[in-house]
DNA sequence: AATCTATATCGTAATATTGCAATATAAAAA
DNA sequence: TTTTTATATTGCAATATTACGATATAGATT
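Chains as they are written, first to last, in the UniProt record's numbering: chain A, 1 to 110; chain B, 1 to 110.
Encoded structure:
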């Protein structure tokens with residue numbers, strides 16, 4: 001027990017959960033917001049920006065990258081990070097789906 | 001160690017993290033999708049729909065409710081659950097913010 | 001009142017996440 | 001080549017999440 005029963009859910013449900021879970025931490029929201037502001041930066045910039053140690057920031061970056069929300073490219077001895085649009089595109093589709101449903105039914109809730 | 005340093009982030013960052021974190025599990029994505037489909041239902045319906053026990057479903061519903069993504073109203077001895085639009089509205093604003101930024105900068109990434 | 005139905009809560013085990021010091025890796029600069 | 005700079009990885013402790021059996025709660029039904 002304790003492990004998520006991913007096998008019993010659809011690929012789409014698991015994929016969406018991975019994306020939203022990756023956003024489910026204030027540090028990672030802050031990283032995304034920072035990347036939106038500066039467009040691209042290196043890990044050290046984020047370490048200076050956030051109240052977290054370098055290993056912790058590196059770990060959060062790894063999670064965002066694994067989820068497909070950011071991408072990093074080697075730039076000399078540093079790594080340049082930026083938003084990965086395709087990850088956000090998938091979430092966008094999900095929320096558009098929600099929007100459509102909510103607009104149709106006029107909040108005729110229980 | 002181990003606890004999230006919420007105090008060091010903005011209210012908005014923490015709020016967004018709570019909302020996205022609540023969506024960060026395939027069972028909870030499945031619950032939201034089911035609620036979109038049927039508009040409103042009781043806990044037992046979701047238990048029949050998902051491969052999870054009643055206590056586990058009840059716990060997931062509680063998390064979605066605490067995050068502000070669903071709401072429940074007492075209906076006899078059952079509880080009727082449905083989508084809470086205001087929660088999704090907040091996430092929508094965040095993603096619109098992202099959209100705007102990504103459109104401006106023409107993916108001139110590193 | 002006794003029973004049924006529907007949910008919530010408690011307790012607990014398994015697992016995952018968060019955070020950081022210490023250390024490893026690897027390219028750049030001296 | 002030694003040192004500096006930038007990032008990743010390892011190891012570990014604290015905490016949180018996931019899941020469910022057992023049980024509690026509370027309204028409906030008989």
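Note that beta-carbon positions come from the ideal geometry of N, C-alpha and C, so glycine has one too.
Start-to-end residues for the beta strand (DSSP E) that takes in residue i
i: residue 80 of chain B; result: 78-83
i: residue 41 of chain A; result: 40-42
i: residue 73 of chain A; result: 70-75
Reference residue i, options the options, closest by Cα
i: residue 97 of chain A; options: B:13, B:32, B:18; result: B:32
i: residue 25 of chain B; options: A:13, A:35, A:77; result: A:13
i: residue 10 of chain B; options: A:49, A:54, A:67, A:83; result: A:49
i: residue 99 of chain A; options: B:88, B:94, B:104; result: B:88
i: residue 56 of chain B; options: B:7, B:95, B:28; result: B:28
i: residue 75 of chain A; options: A:61, A:94, A:40, A:86; result: A:40
i: residue 6 of chain A; options: B:2, B:5, B:51, B:6; result: B:51
i: residue 86 of chain B; options: B:64, B:2, B:53; result: B:64
i: residue 30 of chain A; options: B:58, B:16, B:37; result: B:16
i: residue 35 of chain A; options: A:3, A:72, A:8; result: A:72
i: residue 105 of chain B; options: A:4, A:37, A:93, A:3; result: A:37
Beta carbon of residue i nearer than 8 Å to that of residue j
i: residue 91 of chain A; j: residue 19 of chain A; result: yes
i: residue 46 of chain A; j: residue 102 of chain B; result: no
i: residue 43 of chain A; j: residue 81 of chain A; result: yes
i: residue 78 of chain A; j: residue 22 of chain A; result: no
i: residue 8 of chain A; j: residue 95 of chain B; result: no
N- and C-terminal bounds of the alpha helix (DSSP H) containing residue i
i: residue 7 of chain B; result: Taken as a continuous stretch (DSSP letters only), residue 7 of chain B belongs to no alpha helix (DSSP H), as it is neither H nor E.
i: residue 51 of chain A; result: Where residue 51 of chain A is concerned, there is no enclosing alpha helix (DSSP H), given that its DSSP letter is neither H nor E.
Check: residue i C-beta below 7 Å from any heavy atom of the ligand GTP
i: residue 9 of chain A; result: The ligand GTP is not part of the structure shown, which contains no ligands of any sort.
For the region 80-97 of chain A, list every residue whose C-beta sits within 9 Å of some C-beta in chain B, in sequence order. 80, 81, 82, 83, 84, 85, 88, 91, 92, 94, 95, 97
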